[in-house]
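Enquirer:
2 protein chains.
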Amino acid sequence: MTDAAETGTDRLDDDAATGALPDAAATGRGLPEATLERLTVYLRVLNAAESEGTPTLSSDVLAGAAGVNSAILRKDLSLLGGSFGRRGVGYDVPRLAEHLATTLGLRERWRVAIVGAGNLGRALAGYAGLRHNGFELTAIFDMDPDVVGRTINGLVVRPAESLEADIEAEQVNMAVMTLPGTAAQRVCDRLVAAGVRNILNFAPVVLQAPDGVNIRKVDMSRELQILAYYAHQGIGHQDAVPAEDVDA
Amino acid sequence: MTDAAETGTDRLDDDAATGALPDAAATGRGLPEATLERLTVYLRVLNAAESEGTPTLSSDVLAGAAGVNSAILRKDLSLLGGSFGRRGVGYDVPRLAEHLATTLGLRERWRVAIVGAGNLGRALAGYAGLRHNGFELTAIFDMDPDVVGRTINGLVVRPAESLEADIEAEQVNMAVMTLPGTAAQRVCDRLVAAGVRNILNFAPVVLQAPDGVNIRKVDMSRELQILAYYAHQGIGHQDAVPAEDVDA
DNA sequence: CGGTGTGAAAGCATTCACAGCA
DNA sequence: TGCTGTGAATGCTTTCACACCG
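Protein chains in written order, with my numbering: chain W, 2 to 249; chain G, 2 to 249.
Here it is in C-alpha cells:
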C-alpha cells in the first residue's frame, strides 16, 4: 500500500533518503552521508583532471569545479585520514583520486545485475559510469517474454525465473531495480533471499528490507517536485555554482 | 573541464546536491531540503491511500509507509502551518494530500521539455510520474539527425536548433537534461538564455549557471558509488524501513 | 606568501517527551 | 485514551579563522 503504482512502458524514479550512519566521521570509517556525496563529485573532477595530465589541484580550484566551497572540501578530505595535499601547492591529483576510489570501495569487484529491461534499464546498461569504477554488469533480467532473449549491450536479457539461480551462480553482489513500482517489493524480497545485500532502487516505492541490506533509492519524481517547489516559491534555489569561472 | 566525459548510446546520471535555502523553516515558505524530500514521499503514500479510499491516516502509519519515524513526520507537517491532523484520529488524507501538492507547487502548470532523446530521455518521456502532478511534457529535443523526427510518446523529436524558438513559443518553464556530459554545459547555457529557470540535470557534470536558476542533479553513478562504500565498509547502511510491518 | 589541516563556533535537522485536544 | 503539535535537548554539518608548513 505504500506503492504509488507507476506502470507503463518505462520504469522510473529517483531519490536518496538520508540515513545517517550510527557513529561516523572522525574514525576514518563511517563517513557522513553528506561527505560521501561530495566525495563522488571530487572523484569525478579528479579523474577528469588526471586524464588531462593536471598534476595538482588546489582546494579552491577543486572545490570550484565540484560546486562547493573550499572549507568543506578540506574538511571532507581531512576526514579521510591521510594527508593528500601539500601546503602551498595543492593536492596530488592521481594520489588523491586513487585514495578516494579505494575509500569508496571502487577497488572491489562489484558484480551488478539490472532487473527490469525497460528504457531505464537499457539506459543504465549502456551507461559508461557503470562500466567504469569496478562495476561489472553481469546480468539483465525482465519479466516480459517479449523482452527476454533480446540482447542489450552484449548481454542477453534473462527471464525473471532464473533470478535466484543466476545470482548465486554468478556471484552477483549488487542489484539495480529498474521496474514498475507494483513489482518492486516482490523482486526486492527475491533479491534479498538470493543473497543480494546492495540494491539501487529506481521504482517509486519505499522498500521494506531486513537489517543488513543496503538500499538506496533514486526518485525522479521527487526531484521534479522539489524543483517545482523552488520554482513556485520565490525563485532562487541554487544547486549549481553561481557562475564563477571555475575550470579545473 | 569539470566534465567527466560520459559518452555513448545512453545519457545518464543522477544526483542531488543539498543546497540549503538562506533562511527557511519556521516562516511557512522556505522549507528545509530534508523536509521537502520527505514531503514528496508522504504525498505519494497519501495519493495511494486516497485512491484506496482510506479517509485518515495516523502519523505512525503514514510515517511507517514513508520509511521515517513519526516524530519527524509530525515535525515536517507542523512546518507547513495549517493543522491537518485531528488528535486521537489522524490526518485527513485528501485534505493533507491536496495541501502538500499545493505547497510543492504541483498545482501550477509546468511545461517541461526533455533535451536528449536517448534511452533515459525516452524513459522519462513515458514516465507516469511526469504526466501526473501538473507536469506537462511539451517537447523533446535531440542533436542526432537519426533521432530527430521519431515519435516518442506522441511527441515528435525536434532538432536542437529549434530549442530557443520552441521554448519561447510554447512557454516551456522546466527542462530535463538527459544528454551526454560533453554537451551539458552548452545546452544549459542555451536553456538559460532562452529563459528556462528550472532544470533537472541527469548529465554527470557540475553545471555553472547564473543566480536565480534552479538546478537539481540526478547522478546514478553517485548512488552506485555510495552503495559500494556501504557495502565495502562494514555492511549495514539502511535506507529502507527495517522490516517492520507497515502497510498504510 | 600560498594553501593545507583543524579546533572551535554557528547553524540545521532529528529526536525526545509531554502538554493538550477530541 | 489516543494521537497531534511543539518546545527543548541532542547530535550533525557547515563555516570560520588561524596555526603551521613548503
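Don't be surprised by glycine CBs; every beta carbon is placed ideally from N, CA and C.
Computed from a predicted structure; not experimentally measured.
Grouping DSSP H, G and I as helix and E and B as strand, with all else coil, what is residue 230/G?
Expert: DSSP places residue 230/G in helix when its eight states are reduced to three.
Enquirer: For chain W, find out if any of its Cβ atoms is closer than 9 Å to the Cβ of residue 92/G; answer yes or no.
Expert: Answer no: the Cβ-Cβ gap between residue 92/G and chain W never drops below 9 Å.
Enquirer: Which residues in the same chain as residue 77/G place their Cβ atom closer than 7 Å to its Cβ, once the five residues preceding and following it in sequence are excluded?
Expert: The answer, listed in chain order, is 36, 39 and 40.
Enquirer: Flag residue 41/G as yes if its beta-carbon sits less than 9 Å from any beta-carbon of chain W, otherwise no.
Expert: At least one chain W Cβ lies under 9 Å of residue 41/G.
Enquirer: Rank 206/W, 181/W, 205/W and 176/W by C-alpha distance to the C-alpha of residue 193/W and give the top, closest one.
Expert: Looking at the Cα atoms, 176/W is the closest of the given residues.
Enquirer: How would you write the range of the alpha helix (DSSP H) that residue 202/G sits in, first residue to last?
Expert: No alpha helix (DSSP H) contains residue 202/G, which is instead part of the beta strand (DSSP E) from 199–202.
Enquirer: Residue 159/G: which of 172/G, 187/G and 144/G sits nearest, CA to CA?
Expert: Residue 159/G has its Cα closest to that of 144/G, out of 172/G, 187/G and 144/G.
Enquirer: Who does residue 160/W pair with in a DSSP beta bridge?
Expert: Answer by DSSP bridge pairing, in chain order: 143/W.
Enquirer: List the residues of chain G that residue 112/W touches, going by C-beta distances under 9 Å, in chain order.
Expert: The premise fails here: residue 112/W is roughly 11 Å from chain G at the closest Cβ pair, so nothing lies under 9 Å.
Enquirer: Given residue 111/G, which residues of its chain have a CB within under 7 Å of its CB, disregarding the five upstream and five downstream residues?
Expert: Once the five neighbours on either side are set aside, the close Cβ partners of residue 111/G are 135, 136, 137, 174 and 175.
Enquirer: Taking only three categories from DSSP, how would you classify residue 92/W?
Expert: Looking at residue 92/W - three-state DSSP - the assignment turns out to be strand.
Enquirer: If the criterion is Cβ atoms closer than 9 Å, does the pair residue 100/W and residue 117/W meet it?
Expert: No. Outside cutoff.
Enquirer: So the candidates are 195/W, 169/W and 202/W; which of them puts its Cα closest to the Cα of residue 184/W?
Expert: Ranking the options by Cα distance to residue 184/W, first place goes to 202/W.
Enquirer: Check for me: the alpha helix (DSSP H) holding residue 124/W runs from which residue to which?
Expert: Segment 120–126, the alpha helix (DSSP H) holding residue 124/W.
Enquirer: Residues of chain W with CB under 7 Å from residue 136/G, in chain order?
Expert: Here the neighbours are 225.
Enquirer: Please go through the same chain and pick out, in chain order, the residues whose beta-carbon is closer than 8 Å to the beta-carbon of residue 233/W, but skip the five residues on each side of it.
Expert: Nothing meets the Cβ criterion.
Enquirer: Check residue 77/G in the structure and name its three-state DSSP category.
Expert: In the structure shown, residue 77/G sits in a helix (DSSP, three-state: H, G or I).
Enquirer: Residue 233/W versus chain G: which residues are under 8 Å apart at the beta carbon?
Expert: Per Cβ cutoff of 8 Å: 105, 106 and 109.
Enquirer: Taking only beta-carbon positions, decide if residue 98/G is within less than 9 Å of chain W.
Expert: No, its Cβ sits nowhere closer than 9 Å to a Cβ of chain W.
Enquirer: Could you tell me the distance, in whole angstroms, from the CA atom of residue 182/W to the CA atom of residue 45/G?
Expert: Cα-Cα distance, rounded: 12 Å.
Enquirer: Looking at chain W, is there any beta carbon in it that lies within less than 9 Å of the beta carbon of residue 73/G?
Expert: Chain W contact via Cβ: absent.
Enquirer: For residue 112/W, which residues does DSSP report across the bridge?
Expert: Its beta-bridge partners are 137/W.
Enquirer: Name the chain W residues whose beta carbon is nearer than 7 Å to that of residue 59/G?
Expert: Within 7 Å Cβ-Cβ: nothing; residue 59/G doesn't reach chain W, min ~14 Å.
Enquirer: Could you give the distance in angstroms between the alpha-carbon of residue 127/W and the alpha-carbon of residue 205/G?
Expert: So the two alpha carbons sit approximately 14 Å from each other.
Enquirer: Terminal residues of the continuous beta strand (DSSP E) containing residue 177/W?
Expert: Per DSSP, residue 177/W belongs to the beta strand (DSSP E) from 175–178.
Enquirer: Report buried or exposed for residue 260/W, applying the criterion of at least 16 other Cβ atoms within 10 angstroms of its Cβ.
Expert: There is simply no residue 260/W to check, as chain W begins at 2 and stops at 249 in what is shown.
Enquirer: For residue 39/G, which of helix, strand or coil comes out of DSSP?
Expert: In the structure shown, residue 39/G sits in a helix (DSSP, three-state: H, G or I).
Enquirer: So what does DSSP say about residue 195/W, is it helix, strand or coil?
Expert: The answer is coil: DSSP assigns residue 195/W none of H, G, I, E or B.
Enquirer: Counting contacts by CB-CB distance shorter than 9 Å, is residue 220/W in contact with chain G?
Expert: Yes - at least one Cβ of chain G is within 9 Å of the one on residue 220/W.
Enquirer: Flag this pair as yes or no: are the beta carbons of residue 213/G and residue 223/G separated by less than 9 Å?
Expert: Cβ distance not < 9 Å, so residue 213/G and residue 223/G don't count as in contact.
Enquirer: Would you mind giving the Cβ-Cβ distance between residue 113/W and residue 131/W, rounded to the nearest angstrom? I have them listed as a contact below 8 Å.
Expert: Contact flag correct, Cβ pair sits at about 7 Å.
Enquirer: Can you list, in chain order, the residues of its chain whose CB lies under 6 Å from that of residue 60/G, leaving out five sequence neighbours each side?
Expert: Excluding residues within five positions, the ones whose Cβ falls inside 6 Å are 71, 74 and 75.
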